[in-house]
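Chains as they are written, first to last, in my numbering: chain P, 1 to 272; chain B, 1001 to 1272. Note that the Cβ used here is the ideal one computed from N, Cα and C, for glycine as well. Fair warning: this is a prediction, and the values are worked out from it, not measured in the lab.
Written as structure tokens, this is what we have:
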């Protein structure tokens, strides 16, 4: 999928919502646990209930790998279900991979070719040759961690190198890599005031923004500092939507929560 | 497994060799491609041929994920085979994971519980709360990237923060985390002169050392600067051993290459 197609979908749906799929068996509605593949059934119901309100889904690979082979099968079924039923939706494998060149090539193959995701999240610590193998795929997108939404973000990401924070070096350096036009970045919503600075370095790139909802970030603040002419944001919400209820009404409640976010997004898009 | 048990195994085998399992279908011996699970058959043969010369095996998860569900099944069969047949061998999931706390917990569950690895590699970029969920597991080990063996290591890892390289901050900061005694670190062999400095910060920790062989590092140099009283090194070799031949003699040739490394290690251990 091209960023142009993603942008068109955002305008059409009046939404830049990404729904995070973090299926934890301990939190799933009890009635689903009696099905053959509770994780897939859960995801499917959430997707069917929210596909007109969200422009992206982001399965978090940890929540599938934790269940071993069965979990990987659920991941495969989930991405296939989205691609077959909602082909205009942007898909993100939240995998945070990154390794030396020949290994990163295998990860790229796993997520772009075998599973057919539109994008994958990667970690920057190993530098250029750990990310470029992902960037080599046309019309696929590599979403690199810049400034994350967790407490540990302040351990290293905000440390100063020559008077400038590490995450800014990460942003700047990555722009020099081959096929850097295929980069997007993770920037946590819990640090909204940082968006203005970030937009000076990557004025047009899409930013994937976790941290709204359970982690306490404000949508209005993020948009104020981070939105571009072409929106340029994918705001993720996982727990607040997918675990809105753990009863038989979970999908309906998820839709209601997603609708609230979409309506706030529509308002922001209309009045900016 | 405890580090004490790992140390005993090293003394007994006169080896601190870790064999990296990076099974690439394009490089596997042709006759294996006709079997039902070529990747597992390849790993099994390599393991059977080298288990008395190596103290650790390190399956690289990318090379399994690239083959989707079938690949994950091969990974599961490989770790189960090692644990059942060679239970004293130390196992490393080379996965380079790391995410916010609740997600890292799921990765820890995947590799320590579901797959029963002794250790897993993690990336430090997201800081404390992204690594501590791994450290919470008793007698399991978390091997954090410090200074890697690739070119991109110089993009960020060696940048100066208050006059000190980022990777040194990573080492120092990690020592303050809960259960930091369960940490080991990845330090590339291609930068042997850095080991002396690193040993000032982590004098006793085990270091996992990639970069010998295909990537050009020297074993003698690494040992000169990095070895401790209790050895404290796991030196990884993958391609030089596992792809020593792609004929029907691949396992025998792998053994010959592993033996060369083990003999050099034995000499170093005897004459230090």
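Item                                                                                                                               : Value
Exposure of residue 1178 (chain B), with buried meaning 16 or more beta-carbon neighbours within 10 Å                              : exposed
Nonlocal neighbours in the same chain, by C-beta distance under 6 Å from residue 142 (chain P), ignoring five residues either side : 122, 134, 135, 182, 183
For residue 1063 (chain B) and residue 1106 (chain B), the rounded distance between their alpha carbons                            : 21 Å
8 Å Cβ cutoff met for residue 1258 (chain B) and residue 1050 (chain B)                                                            : yes
Chain-ordered neighbours of residue 1193 (chain B) on chain P, where CB pairs are closer than 7 Å                                  : Near residue 1193 (chain B) there are no residues of chain P at all, since even the closest Cβ is about 20 Å away, more than 7 Å.
C-beta atoms of residue 46 (chain P) and residue 19 (chain P) nearer than 8 Å                                                      : yes
Cβ neighbours of residue 1128 (chain B) in the same chain (closer than 7 Å, five flanking residues each side left out)             : 1177
Start-to-end residues for the beta strand (DSSP E) that takes in residue 1166 (chain B)                                            : Counting along the chain, residue 1166 (chain B) falls outside any beta strand (DSSP E), though it belongs to the alpha helix (DSSP H) covering 1166–1174.
Start and end residues, beta strand (DSSP E) containing residue 91 (chain P)                                                       : 90–97
Min CB distance residue 133 (chain P) to chain B below 8 Å                                                                         : no
Sub-8 Å separation of residue 1156 (chain B) and residue 170 (chain P) beta-carbons                                                : yes
Among B:1010, B:1004, B:1070, nearest to residue 1235 (chain B) - alpha-carbon criterion                                           : B:1010
Collapsed DSSP secondary structure at residue 1184 (chain B) in the structure displayed                                            : strand
Contacts of residue 97 (chain P) in chain B (Cβ-Cβ under 8 Å)                                                                      : 1062, 1096
Residues that residue 1149 (chain B) contacts on chain P, provided the C-beta gap is smaller than 9 Å                              : 100
At least 3 beta-carbon pairs within less than 8 Å: the stretch 1061–1075 of chain B vs the stretch 25–38 of chain P                : no
Residue 1153 (chain B) versus residue 172 (chain P): straight-line alpha-carbon distance, rounded                                  : 16 Å
Where residue 59 (chain P) sits in the DSSP three-state scheme                                                                     : strand
Chain-ordered neighbours of residue 170 (chain P) on chain B, where CB pairs are closer than 8 Å                                   : 1156
The stretch 70–88 of chain P / the stretch 1052–1061 of chain B touching (three or more Cβ pairs under 8 Å)                        : no
Anticipated Cβ contact below 8 Å, residue 1146 (chain B) with residue 1167 (chain B), distance rounded                             : 5 Å
Closest Cα partner of residue 240 (chain P) within the set P:209, P:263, P:213                                                     : P:213
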